[in-house]
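Quick notes on the structure that follows.
So, in structure tokens, the structure goes:
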């Protein structure tokens, strides 16, 4: 038995597709930095990709748990052309996270309107997660602004991001 409003079901499907697009975009960013011999920064974006896939799976499972139907949309090919400074790639990542945040806020807003307390509660975790994602990227962008063209500082930045461990958890 379906217990979800059609509008909410569509928004969650759109969100899953956005998470998958984000995962693919981060995978391309990871590849770019690995090709640039900045494997630590590549590691950061590879973990970002894994986390976006984990988010999509959590939402996919939730959709099934409430009787919704999953619909995979057309996945737009991610940008693979990264020209300019490294900071611009992080700014593109922040723009992507802001888009994800707006989409999640829309789901939460519609869940409130439809008195869908289960969806509202489920997506509270994602609201908190987005605050963390945006904050992390803003801090990294600030660090890259400080680094400027200092290759020694970039080396240390790469080393720092290379130490990031995956926190993926489907629980």
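In this note's numbering, the protein residues as written are 4 to 174.
All C-beta atoms, glycine included, are put in the ideal place defined by N, C-alpha and C.
Just so it is clear, the structure is predicted and the values come from calculations on it, not from any experiment.
Among residues of its own chain, excluding the 5 on either side of residue i, which ones have a beta-carbon nearer than 7 Å to its beta-carbon?
i	result
residue 50	167 and 169
In three-state terms, what does DSSP make of residue i?
i	result
residue 168	coil
residue 86	coil
residue 139	helix
residue 6	coil
residue 153	coil
residue 38	helix
residue 24	helix
residue 1	For the chain, the structure presents residues 4 to 174; residue 1 sits outside this window and is missing.
residue 118	coil
So, for residue i: in the same chain, excluding its five sequence neighbours on each side, which residues have a beta-carbon less than 8 Å away from its beta-carbon?
i	result
residue 117	8, 10 and 11
residue 41	89, 157 and 161
residue 146	160
residue 102	21
residue 81	24, 27, 28, 30 and 31
residue 63	19 and 73
Whole angstroms is fine: what's the gap from residue i's alpha carbon to residue j's?
i	j	result
residue 47	residue 78	23 Å
residue 14	residue 91	29 Å
residue 172	residue 58	Low confidence applies here, because residue 172 scores a pLDDT of 39, under 50, leaving its location unreliable; read the following figure in that light. Those two C-alpha atoms are separated by around 9 Å.
residue 115	residue 93	33 Å
residue 52	residue 28	8 Å
residue 123	residue 154	46 Å
residue 111	residue 74	20 Å
residue 84	residue 43	20 Å
residue 137	residue 104	9 Å
residue 143	residue 163	11 Å
residue 69	residue 165	39 Å
residue 55	residue 38	22 Å
Enumerate in chain order the residues of its own chain whose CB-to-CB distance from residue i is below 6 Å, with the five nearest sequence positions on each side excluded.
i	result
residue 65	125
residue 71	7 and 12
residue 33	45, 48 and 49
residue 97	140
residue 36	44 and 45
Output the residue ranges of the beta strand (DSSP E) runs that lie fully inside the stretch 42-114 and measure 3 residues or longer, sorted by chain position. none
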